[in-house]
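Numbering (my numbering), first residue to last: 217 to 389. What follows is one structure encoded as structure tokens, with my remarks underneath.
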Amino acid sequence: MAKESSKKNGGRGKGPGEVAIDIGISATDREKIVDGLSRVLADTYSLYLKTHNFHWNVEGPMFNTLHLMFMEQYTELWNALDAIAERIRSLGYPAPGTYSEFARLTSIEETEGVPEAMEMVRLLVAGHESVARTARAAFPAAEKGGDESTADLLTQRLQVHEKTAWMLRSLLK
Numbered sequence: 217m218a219k220e221s222s223k224k225n226g227g228r229g230k231g232p233g234e235v236a237i238d239i240g241i242s243a244t245d246r247e248k249i250v251d252g253l254s255r256v257l258a259d260t261y262s263l264y265l266k267t268h269n270f271h272w273n274v275e276g277p278m279f280n281t282l283h284l285m286f287m288e289q290y291t292e293l294w295n296a297l298d299a300i301a302e303r304i305r306s307l308g309y310p311a312p313g314t315y316s317e318f319a320r321l322t323s324i325e326e327t328e329g330v331p332e333a334m335e336m337v338r339l340l341v342a343g344h345e346s347v348a349r350t351a352r353a354a355f356p357a358a359e360k361g362g363d364e365s366t367a368d369l370l371t372q373r374l375q376v377h378e379k380t381a382w383m384l385r386s387l388l389k
């Protein structure tokens with residue numbers, strides 16, 4: 217991700233005009249934690265975009281149900297983005313925020329075209345499960361660094377994604 221330097225770099229270093237970060241988590245641990253959080257942020261944004269796209273384009277007998285469900289889901293994802301990005305900033309690093317950065321970091325695949333409604337549901341199940349795996353993979357760095365705040369954020373995100381995947385899967389039976 218980023219390296220400690222004396223250049224102006226979002227408060228990571230101790231160059232002129234910069235404030236050192238001393239929150240009880242080493243710079244090396246903060247960098248590893250931020251790497252994981254950046255991937256969670258990219259996955260969350262990518263899933264947000266996919267969910268919002270499906271909200272706009274869903275059709276069929278379950279239109280109203282899925283349209284409203286997808287809106288609730290993309291709204292939750294949108295709100296989560298800020299918490300994840302602000303945690304990255306709290307650790308002294310800039311949050312990724314471009315499509316190219318997200319494309320490099322995400323595990324969520326883009327969906328071409330407009331799938332049928334139940335295929336949208338399947339794709340969103342896979343997306344939520346993918347974000348859960350990404351969040352779970354970020355845990356070891358947070359635990360090693362003693363970063364309870366990040367661990368709490370990751371726990372909350374896991375709960376949301378696992379529950380949402382379960383709810384979506386129930387539509388496929």
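Virtual Cβ for every residue (Gly too), placed ideally from N, Cα, C.
- Shown here, G276 sits in coil according to DSSP, grouped into three states, outside any helix or strand.
- Considering only I241, L388, L297, the residue with the shortest C-alpha distance to L307 is I241.
- The Cβ atoms of A357 and D251 lie closer than 9 Å to each other.
- A distance of 9 Å or more separates the beta carbons of F270 and L321.
- Rounded to the nearest whole angstrom, the C-alpha separation of D245 and F355 is 12 Å.
- 9 Å or more divides the Cβ of V347 from the Cβ of R305.
- With respect to the C-alpha of G276, the residue from A296, I249, V337 having the closest C-alpha is V337.
- Exclusion of the five residues before and after Y261 leaves L297, F318 as the residues of its chain whose Cβ lies within less than 7 Å of its Cβ.
- Cβ-Cβ distances below 6 Å link A351 to V256, L370, R373, L374 in the same chain, with the five nearest sequence neighbours on each side left out; the list follows chain order.
- Going by C-alpha positions, V341 is about 8 Å away from W382.
- In the three-state reduction of the DSSP assignment, S365 falls in the helix class.
- Straight across, the Cα-Cα distance linking E328 with V235 is about 45 Å.
- Around the beta carbon of L284, a 10 Å sphere encloses fewer than 16 other beta carbons of the protein chains shown; the residue is thus reported as exposed.
- Residue L253 holds the alpha-carbon nearest to the alpha-carbon of R349 among A243, L253, K248.
- When E345, T314, A333 are compared, the shortest CA-CA separation from L388 is found for A333.
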